[in-house]
Amino acid sequence: MTGWKKGISAAFMAAAFGVLSCGTAAARTREAVGKVSLVIGAEAGLKEENGEVFVTPDGENAALYTVEDVFVTNEDGEGFRNTNPPEAEITLSVNDDEAYYFSETGSKGFKLRLSERAKSRYDKAEFVRASRENDSSTLVLTIRLLFDEDADTGTAPAPSAAGWSADRPGTACWNEVSGAKYYQLQLVFHGSWIGETRSIYGTSYDFSGDMENPGEYRYLIRSVSRKNNNKSGWQTSDALALKEDGTMEAVAGECAGQWMQAADGVRFWWLRADGTYPAGEWLKEGGRWYHFDEEGYMQTGWITVDGKEYYLDPESGAMYENTVTPDGYFVGPDGARIVDTGEP
Numbered sequence: 140m141t142g143w144k145k146g147i148s149a150a151f152m153a154a155a156f157g158v159l160s161c162g163t164a165a166a167r168t169r170e171a172v173g174k175v176s177l178v179i180g181a182e183a184g185l186k187e188e189n190g191e192v193f194v195t196p197d198g199e200n201a202a203l204y205t206v207e208d209v210f211v212t213n214e215d216g217e218g219f220r221n222t223n224p225p226e227a228e229i230t231l232s233v234n235d236d237e238a239y240y241f242s243e244t245g246s247k248g249f250k251l252r253l254s255e256r257a258k259s260r261y262d263k264a265e266f267v268r269a270s271r272e273n274d275s276s277t278l279v280l281t282i283r284l285l286f287d288e289d290a291d292t293g294t295a296p297a298p299s300a301a302g303w304s305a306d307r308p309g310t311a312c313w314n315e316v317s318g319a320k321y322y323q324l325q326l327v328f329h330g331s332w333i334g335e336t337r338s339i340y341g342t343s344y345d346f347s348g349d350m351e352n353p354g355e356y357r358y359l360i361r362s363v364s365r366k367n368n369n370k371s372g373w374q375t376s377d378a379l380a381l382k383e384d385g386t387m388e389a390v391a392g393e394c395a396g397q398w399m400q401a402a403d404g405v406r407f408w409w410l411r412a413d414g415t416y417p418a419g420e421w422l423k424e425g426g427r428w429y430h431f432d433e434e435g436y437m438q439t440g441w442i443t444v445d446g447k448e449y450y451l452d453p454e455s456g457a458m459y460e461n462t463v464t465p466d467g468y469f470v471g472p473d474g475a476r477i478v479d480t481g482e483p
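In this note's numbering, the protein residues as written are 140 to 483.
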């Protein structure tokens, strides 16, 4: 009986080995996906109570696999912090499980890259762990989004007086920061980021093209140091209200400007907070309208604009409105001269 048992056992093992060999040979016909490259985008941030993480395959073998699911695992409603950055579980699957399989589970098998927008909020996407399922046709990857420390604790000086232009609707402006190479701006509407984060080499930016819905808009701004690329903390601007009729009004914090006297000691011009000046256009300042010639100098007396005549005070340059000019002509509420047609 003992010899018979040994014979059966040997035969069974031989058969099993044959099946295993066939299975191994079949498995070897599949090709490894190789290094997995992903672009990470995100809406999860320091001040948000919740957010999303977006993942896109990248690289030469991106067509071999698909992102099935992305789940933020530590979203507890308390908001994320430097000490509690977002962690996301990403589920990937090969597009053809008979031809390909995932072979890597170590950090060297992954290339994680932040999207341009995510770079303004995070320092990097960090590998945490990875595991394979379903005969290596599925890969579960966990990453951690590390906040850019400079975004909150940077030593670079922050921009001040972040407000909105009084005469250019939808234009953000702020004070220049000494030593700044450029500024990063992000438009915000009811707590949500709108559009891309922009790098601006100047002290103003026109956001009007991004403002589509009525409501209050703000923008975040920080400076980037010319010396070492350190970033200041984010500063939040005052609000700008976009009304139903399409007009805009700064709730507070209009950008300041100042009158400047020309070198001739006679003429005046207006210096905006962003260093520019109006030329060939109207400017409303202190509730009064002023007009500037093509060279940017304040005009006085009678002028003609778009076929209408206006009278500007000889001393202050302010436009006359709904009154009689010193030479006896009537001007309407819009400042334009009222022409007497002689008709009853």
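Quick reminder that beta carbons are idealized off the backbone N, C-alpha and C, glycines included. Quantities reported herein were computed from a predicted structural model and do not represent experimental measurements.
Point to revise | The beta strand (DSSP E) enclosing residue 250, as first and last residue numbers | key: Its beta strand (DSSP E) spans residues 249-253.
Exercise for review: Starting from residue 196, follow the beta strand (DSSP E) in both directions and report where the run begins and ends.
Suggested key: Note, residue 196: beta strand (DSSP E), 192-197.
Review point. In the DSSP assignment, what are the bridge partners of residue 440?
Key: 451
Practice item. Kindly list the residues whose CB is nearer than 7 Å to the CB of residue 349, restricted to its own chain and excluding five residues on each side of it in sequence; keep chain order. Key: 326, 333 and 334
Practice item. Mark residue 186 as exposed unless 16 or more other C-beta atoms lie within 10 angstroms of its C-beta, in which case mark it buried. Key: At residue 186, the pLDDT of 37 sits below 50, so the modelled position is not reliable; the number obtained from the coordinates is stated separately. With fewer than 16 Cβ atoms within 10 Å of its Cβ, residue 186 is classed as exposed.
Exercise for review: Please classify residue 257: does DSSP put it in a helix, a strand, or coil?
Suggested key: helix
Check your understanding: What is the DSSP secondary structure of residue 262, counted as helix, strand or coil?
Key -> The DSSP-derived three-state label of residue 262 is strand.
Check your understanding: Per the contact definition of three or more C-beta pairs closer than 8 Å, is the region 252-267 in contact with the region 294-307?
Key -> no
Check your understanding: Taking the DSSP output, what are the residues bridged to residue 180?
Key -> 193
Check your understanding: With which residues is residue 354 paired in a DSSP beta bridge?
Key -> Note: residue 354 sits in a beta bridge opposite 381.
Check your understanding: Which one of 441, 420, 425 and 424 has the shortest CA to CA distance from residue 431?
Key -> 420
Exercise for review: Following the continuous beta strand (DSSP E) through residue 399, name the residue where it begins and the one where it ends.
Suggested key: Note, residue 399: beta strand (DSSP E), 397-400.
Check your understanding: Got a sec? Which residues, its chain only, sit under 8 Å from residue 401 by beta carbon, not counting five neighbours each side?
Key -> Scanning its chain for C-beta atoms nearer than 8 Å, with the 5 sequence neighbours on each side dropped, one finds around residue 401 the residues 407, 408 and 436, in chain order.
Exercise for review: Would you mind reading off the limits of the beta strand (DSSP E) that contains residue 414?
Suggested key: Counting along the chain, residue 414 falls outside any beta strand (DSSP E), and DSSP gives it neither H nor E.
Practice item. For residue 202, name the three-state secondary structure that DSSP assigns. Key: Residue state, collapsed to three classes: helix.
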